[in-house]
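Protein chains in written order, with full-length UniProt numbering: chain A, 1 to 214; chain B, 1 to 214; chain C, 1 to 214; chain D, 1 to 214.
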DNA sequence: TAATAAGCGAGACGGTACGTCATGTCTTCCG
DNA sequence: CGGAAGACATGACGTACCGTCTCGCTTATTA
């Protein structure tokens, strides 16, 4: 997860010069989280200068270790300094009921805020992904962006338990569900619990009319 | 779809003053399309100043009719001046085969370009959605962003034909599939045809192990 | 004082078409005066658009009859729609006393306002002169800009009365005095009555007919 | 003369961060001078953007240290980067002859240019004074705008030498003369040497110590 | 009385400068 | 020598005004 760009990372050795200040690293992450989460600054209004000031850190210290704003924000999001307000998926054994419950809880959580505060972080996430350069691309290849929503995990456990058919890819399914949620949040502002549940049921049961009259 | 902000548009009447130049309107749309599609400028490098120059139009003429860059780009995308490279979904009556064929064709189309050219427009679309203000939000509420991919349409026709169960919402399903595709394209660059097909099959058939052999 | 540009002004004839609206002409002058005098807009913030709006007149109607903003403002200043706050010079026969009195009254008048309100119109006048093109230049050649300050007039009357030496040019002297006043107002804000009186005395001692032959 | 706004300028201390680049400072001054003097751009066509480009300097670097265009131009004029074409006043001991000579030389110098090139800088000076905000006002309070014309200096030397009456303020007299000159240049284009000489004589006849030895 | 002509208020047009802001680099000093 | 402070060049932003133009209407003169 370190971004240290083009640094060979001499294994056990102690590299020359003053080592990277972990305090600064954390300060930047926390500042970013604070600005996104507490101040609720949208991505465009979140500036590197502001992060540096908030963290009590020189601007160059940020540019030394991250490619750009997107990289900072993505690391903060992906490493859990900022969390999207999704709930844990319960694991009672009844997958269908668990998912329904997850949807209900999450929707309730996301909708309780006034305005579209609930989507600020999501928008920042998407903005960072979309605007990101190559380094961000690489980072994303090895990362499950939606891991914070716990959905894939639950589906995987169901898969392992044999509840799902073998040829089902739990990650892909989770990604599809989250894609639908995200688009809904970005376009209409709030996710719609009912539609979402029906979508999940379709995924569980299939969409085709079972027309087996025989 | 009209942008004229807060103009009652008195039906037959002709309002005083110089009327809006439809030529300028089109020029802006075409310039935007040209820059996105031909020059393949990513969203951040696509500036209002450049659009104005390319269209031979004053900057203020853009700001008079659109709230910001996002609104211009979204209108160009939504009204079809720029198209995402997705293929028509065939309608042979066999939904499953049609979808498979669509996936194959589209993936082939999207991957044939060098680099990540295929995702430039998609990134712009998402960037515009994500960065857009309230006016963009409103526009999106009445718009199916993915309509250009023809998937929802095909599913709806299947739904009408009774091929899908009544309680399935074709738009939601399409949105989920497109969400997965988009996230894949944004994070790993190209969509993976095989995964995609399996996802579609899951949606058609259901994910649950039918474990009732008895 | 008509600006009708390049119009031969066919003597008695009545040209075809709608004649110039004197109402609009006056409305523009009055609007300009109101904005300068009442609203105390400085010249740079006084826009043609604002004048047109204030006058309830189309922008083109202004540009049809005046070359530019400077011409409008200058006409308003020169034709007396706006007046600089200088007092009449009394004419008691005692030139020296009259000038002293004039200085005192004028300085008092100019200083009574808070801030630098007293200089707003003066600044506008100078701005218009300085920014004006050729047409303004022409207008100024036949105009005594400082006529509103009544100084030249009084000096001329003294000259005619034989109080001043023959080779003294009253207009030039007035221009010099006003130049000093103006520079003082522009640079330090207020004119300084004492300095001014001393300057006038110097000029008088040099300018007065030495009529003491004895 | 320093522009550093509201900076305590801790005497010997060296403040943190990168210090102001004197190179940029000079580059801006020289660019302004070049544009005014060589390119002969009138004040309105002299833009901050152009100055920045000509100086190879970021626009923000100008706005960081100067309030606006007027401040830049005024500093260039007042610190001698741009000079008005007035001649030195000779000092032969004979004040009257010296002034006559000065008028002749200066008028000749100012009139030799074609068009009104001679007045471009003067117009810029007045424009800057007139349009300038509070900071400019302050700057002007401690500055003799006409110092470049050397007139006040010569008068002061005469004053010190006892040639002028005690109660004569040489600065005020110079200001009056220059005011007349300037108004003439602004309104009719060229100064009129004869009128000017007569004005000076009037002032002298009033200002000279009447050393009547008889 | 109809045609013609110009002026009118309104307001959109192509331009362009404004002053602000953010980016990413560079320089200086402190620890 | 790492890191903070912060100035630097660059360039987009959104606003404002300029002076021109196109509307549909109104007001005169001319036929």
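Note that beta-carbon positions come from the ideal geometry of N, C-alpha and C, so glycine has one too. Everything numeric in this text was worked out from a predicted model, so none of it was measured.
For residue i, three-class secondary structure by DSSP
{"i": "residue 164 of chain A", "result": "strand"}
{"i": "residue 41 of chain A", "result": "coil"}
{"i": "residue 46 of chain D", "result": "coil"}
{"i": "residue 208 of chain B", "result": "strand"}
{"i": "residue 66 of chain D", "result": "coil"}
{"i": "residue 83 of chain B", "result": "coil"}
{"i": "residue 18 of chain D", "result": "coil"}
{"i": "residue 25 of chain B", "result": "helix"}
{"i": "residue 88 of chain C", "result": "coil"}
{"i": "residue 73 of chain B", "result": "helix"}
{"i": "residue 213 of chain A", "result": "For residue 213 of chain A, the predicted structure reports a pLDDT of 43, less than 50, and the residue's modelled location is therefore unreliable. The matter cannot be settled from this model."}
{"i": "residue 150 of chain B", "result": "coil"}
{"i": "residue 56 of chain D", "result": "coil"}
Close beta carbons around residue i, own chain, < 6 Å, minus the five adjacent residues each side
{"i": "residue 85 of chain C", "result": "109, 110"}
{"i": "residue 181 of chain A", "result": "191"}
{"i": "residue 7 of chain D", "result": "For residue 7 of chain D, the predicted structure reports a pLDDT of 37, less than 50, and the residue's modelled location is therefore unreliable. A value from the coordinates is still provided. For residue 7 of chain D, where only same-chain residues beyond five positions count, there are no Cβ hits under 6 Å."}
{"i": "residue 197 of chain B", "result": "100, 103"}
{"i": "residue 171 of chain C", "result": "152"}
{"i": "residue 37 of chain A", "result": "82"}
{"i": "residue 125 of chain A", "result": "77"}
{"i": "residue 107 of chain B", "result": "191, 193"}
{"i": "residue 234 of chain C", "result": "Coverage of chain C is limited to positions 1 through 214, which leaves residue 234 of chain C absent and any answer about it impossible."}
{"i": "residue 161 of chain B", "result": "none"}
Where the alpha helix (DSSP H) containing residue i begins and where it ends
{"i": "residue 204 of chain A", "result": "193–205"}
{"i": "residue 108 of chain D", "result": "95–111"}
{"i": "residue 185 of chain A", "result": "170–188"}
{"i": "residue 139 of chain A", "result": "134–141"}
Proximity below 8 Å, CB of residue i to CB of residue j
{"i": "residue 135 of chain D", "j": "residue 75 of chain D", "result": "no"}
{"i": "residue 45 of chain C", "j": "residue 120 of chain C", "result": "no"}
{"i": "residue 70 of chain A", "j": "residue 128 of chain A", "result": "yes"}
{"i": "residue 55 of chain A", "j": "residue 33 of chain A", "result": "no"}
{"i": "residue 208 of chain B", "j": "residue 205 of chain A", "result": "yes"}
{"i": "residue 187 of chain D", "j": "residue 202 of chain C", "result": "no"}
{"i": "residue 98 of chain B", "j": "residue 165 of chain B", "result": "no"}
{"i": "residue 169 of chain C", "j": "residue 195 of chain D", "result": "yes"}
Nonlocal neighbours in the same chain, by C-beta distance under 7 Å from residue i, ignoring five residues either side
{"i": "residue 62 of chain B", "result": "28, 48, 51, 52, 72"}
{"i": "residue 149 of chain A", "result": "84, 86, 178"}
{"i": "residue 105 of chain B", "result": "87"}
{"i": "residue 140 of chain B", "result": "129"}
{"i": "residue 59 of chain C", "result": "48, 49, 52"}
{"i": "residue 57 of chain B", "result": "24, 27, 28"}
{"i": "residue 174 of chain C", "result": "146, 151, 152, 155"}
heavy atom of the ligand FMN below 7 Å from residue i C-beta
{"i": "residue 30 of chain A", "result": "Within the structure as shown, the ligand FMN is missing, as the structure has no ligands at all."}
Cutoff 8 Å; reference residue i; Cβ partners in own chain excluding five residues on either side
{"i": "residue 80 of chain D", "result": "148"}
{"i": "residue 93 of chain B", "result": "none"}
{"i": "residue 176 of chain A", "result": "203"}
{"i": "residue 199 of chain B", "result": "177, 180"}
{"i": "residue 123 of chain A", "result": "42, 43, 186"}
Members of the stretch 141–163 of chain A that neighbour chain B once the beta carbon cut-off is set at 7 Å: Per Cβ criterion, the list reads 141, 145, 162, 163.
Contact set between the stretch 184–195 of chain C and chain D, restricted to residues whose Cβ is under 8 Å from the partner: Taking 8 Å as the Cβ-Cβ cut-off against chain D, the residues of the stretch 184–195 of chain C that qualify are 184, 186, 187, 188, 189, 195.
Selection of the UniProt domain "HTH tetR-type" (22–84) of chain B by Cβ proximity to chain A, strictly under 9 Å: 42, 43, 44
Cβ-based contacts, 8 Å cut-off: residues of the stretch 166–177 of chain D near chain C: 167, 168, 169, 172, 173, 175, 176, 177
Positions along the stretch 197–210 of chain A whose CB lies within less than 9 Å of some CB in chain B: For the stretch 197–210 of chain A, the residues whose beta carbon sits under 9 Å from a beta carbon of chain B are, in order, 198, 199, 201, 202, 203, 204, 205, 206, 207, 208, 209, 210.
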